Amino acid sequence: PTPKGEDAPKFVAPRTGTSLSMDIAAAKPDATVALTGARVVTMAKADGGIIDDATILIRGDRIVAVGPRGTVAVPAGAKTVDLAGKTVIPGLVDAHAHGPQGEDEIVPQQNWSAMANLALGTTTIHDPSSRSAEIFPAAEMQQAGMLLAPRTFSTGEIVYGAKAPDVYAQIDTYEDALAVVRRLKAQGARSVKNYNQPRREQRQMVVAAAQAEGMEVVPEGGSLFTLDMSLVQDGNSTVEHNVPLEHFYADVVDLWSQTTVGYTPTLVVAYGGPAGDPYWRAHSDVWRHPLLARHAPPALLAAQNARREIAPEEDYVDGATAREARKLAVKGVPVAIGAHGQQPGLGAHWELWSFVRGGFSPIEALRAGTIESARSLGYAKDVGSLEPGKLADLVVLTADPTSDIRNSDKVAQVMLGGRLYDAATLNETITGTRKRQAYWWEGGSAGADTGARITVGHGHGDVD
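Now the structure itself:
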């Protein structure tokens with residue numbers, strides 16, 4: 024029999040063969056579009072960079088200009104959309120977004136989970152634990168215009184230090200770490216997840232290897248304080264999940280704020296008690312949400328949300344976790360949202376709302392959901408704010424979230440890479456004619472739901 028585990032032979036890459044790779048052009052629109060009359064929260068400044076009665080000029084997939092009406096020259100022939108009375112924010116960037124991308128390495132042509140996220144304003148996701156054979160093809164299909172979904176990034180499989188079937192990564196040397204990182208990069212990863220490598224030197228090897236390959240490192244915090252502090256000190260890009268402290272004192276805040284390490288506390292699944300996910304399920308009628316109900320199986324929504332467990336208000340920990348995160352945010356640490364795949368579509372909004380429960384202002388919470396998430400992952404050159412040169416990812420709202428954060432889910436339209444979609448139908452509007460195909464549950468169909476189930480947590484069955 025072939026030796027298993029530690030005695031298994033080392034992987035040797037094939038030296039010959041036929042490459043199956045191909046080059047496909049990214050699907051970019053060629054229209055010039057002017058969005059006029061809205062209140063625009065650009066996130067170009069700490070105060071939100073708000074412009075009233077603004078014009079956003081978009082050419083192709085990029086923003087050309089943003090400014091008050093009359094200061095932006097709209098060229099002849101541009102398609103104009105009147106957004107008077109609306110509020111526009113940057114597309115949400117979910118920095119810790121688990122979710123299904125396929126089934127048995129088959130990627131569906133229409134994934135309702137991803138589409139629900141897009142319809143409710145999440146235009147970029149980063150999944151720090153997924154199946155490489157599913158999420159990277161899905162990401163490439165999205166870029167090629169074959170799949171309607173948020174812009175998708177991932178670590179692929181975690182660099183796992185515990186001995187578990189098919190995900191264990193044995194790191195004894197720097198060369199071991201480099202081999203794992205290079206394999207993930209070759210598959211499509213732009214980041215790696217340092218996860219439960221038991222010794223600090225092993226975790227440091229993964230960081231060094233990722234830095235050598237120009238990749239971000241987004242480690243699992245694991246609800247261990249000393250581990251989390253070593254992650255901050257050792258050059259990781261972020262710390263994922265909340266640090267298990269009731270209070271952050273000056274030593275933690277001062278140490279962290281002297282680094283560039285971001286913080287994604289994942290308020291929806293915060294350690295220490297009932298978190299944001301059970302709070303918002305208990306305090307809102309999720310299955311009756313007018314927009315989500317259009318993009319999720321109604322029976323599944325009702326089954327998961329109609330009957331709720333309710334805890335005493337003081338038992339919920341999402342607010343307290345956000346309160347401590349704000350101590351880092353005001354010192355310049357990028358604090359990001361991470362909906363963890365808990366509820367496709369609404370999870371990112373629950374993160375925003377829980378930040379405000381913990382003392383963030385609505386503008387501060389919106390920054391966490393846009394520019395700060397982008398900063399923490401190294402994406403801020405392209406997404407996270409509405410500025411010239413950046414990708415045209417934005418959300419059109421019927422109510423102003425800067426006055427009431429609960430308005431963040433009042434989505435009328437979503438623009439992704441310069442293409443404008445009606446949020447209720449996900450049909451492309453002024454920039455094209457693409458129509459969404461029927462979901463499997465529509466029209467009495469009981470068709471197969473490949474890759475379209477709600478999954479809580481990681482693609483490999485974990486819930487961390």
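Under our numbering, the first residue of the sequence shown carries the number 24, and numbering increases by one thereafter.
For every residue, glycine included, the Cβ atom is placed at its ideal position computed from N, Cα and C.
Note that the structure is predicted; figures quoted are calculated from it, not measured.
| Item | Value |
| --- | --- |
| Let me make sure I understand the geometry here. Which of THR452, ASP423, VAL434, GLY364 has the alpha-carbon closest to that of HIS149? | GLY364 |
| Using the beta-carbon count (16 or more within 10 Å), is VAL275 buried or exposed? | buried |
| Quick one: grab the DSSP three-state call for MET66. | coil |
| Looking only at C-alpha atoms, which of SER280, ALA101, GLN132 sits nearest to ALA167? | GLN132 |
| Roughly how many angstroms separate the alpha carbons of GLY470 and TRP463, rounded to a whole number? | Summary for GLY470: the model assigns pLDDT 35, below 50, so the residue's position carries little reliability; its value from the coordinates is reported in the next sentence. Whole-angstrom Cα-Cα distance: 5 Å. |
| Looking at ALA359: is its Cβ nearer than 7 Å to the Cβ of ALA118? | yes |
| Taking the continuous beta strand (DSSP E) assigned at GLU263, which residues delimit it? | 261-263 |
| Taking the CB atoms as reference points, tell me whether SER377 and GLY299 lie closer together than 7 Å. | yes |
| Pair every Cβ in the region 274-294 with every Cβ in the region 318-327, then say whether three or more of these pairs are closer than 8 Å. | no |
| Going residue by residue through the region 189-267, where are the continuous alpha helix (DSSP H) segments of at least 4 residues, counting only ones entirely within it? | 197-210, 223-235, 248-256 |
| In terms of residue numbering, what span does the beta strand (DSSP E) encompassing HIS149 cover? | 145-150 |
| Within 7 Å of any Cβ in chain C, is that where the Cβ of ARG38 sits? | This model lacks chain C altogether; it includes just one protein chain. |
| Between ASP338 and MET164, what straight-line distance do the alpha-carbon atoms span, to the nearest angstrom? | 43 Å |
| Put SER177 into one of helix, strand or coil per three-state DSSP. | strand |
| Nearest CA to the CA of THR448: which residue from ALA54, SER431, ALA139, TYR191? | ALA139 |
| Counting only runs of 4+ residues fully inside the region 323-386, write out the alpha helix (DSSP H) ranges in chain order. | 341-352, 370-380 |
| Give the straight-line distance between the Cα atoms of GLY211 and SER155, rounded to the nearest whole angstrom. | 8 Å |
| Pop quiz: ALA305 and ARG331 are said to be a contact at Cβ under 8 Å. What is the actual Cβ separation, rounded to whole angstroms? | 5 Å |
| Terminal residues of the continuous alpha helix (DSSP H) containing LYS397? | Note that residue 397 is Ala in the sequence shown, not Lys. Taken as a continuous stretch (DSSP letters only), the alpha helix (DSSP H) holding ALA397 covers 394-400. |
| In chain order, what residues of the same chain have a beta carbon less than 7 Å from the beta carbon of ASN259, not counting five sequence neighbours either side? | ASN217, VAL230, VAL240, PRO242, VAL284 |
| For TYR183, tell me which candidate among ASN219, SER214, ASP199 has the shortest Cα-Cα distance. | ASN219 |
| Could you tell me which of ALA362, ASP251, GLN234 sits nearest to LEU201, measuring between CA atoms? | GLN234 |
| With a CB to CB cut of under 6 Å and the five nearest residues on each side skipped, what residues in its chain are close to GLY361? | ALA118, HIS119, THR287, THR289 |
| Is ALA475 buried or exposed, if buried means 16 or more other CB atoms sit within 10 Å of its CB? | Because ALA475 sits at a pLDDT of 40, beneath the cut-off of 50, its placement in the model cannot be relied upon, and the following sentence gives the value as read from the coordinates. It is buried - the Cβ of ALA475 has at least 16 other Cβ atoms within 10 Å. |
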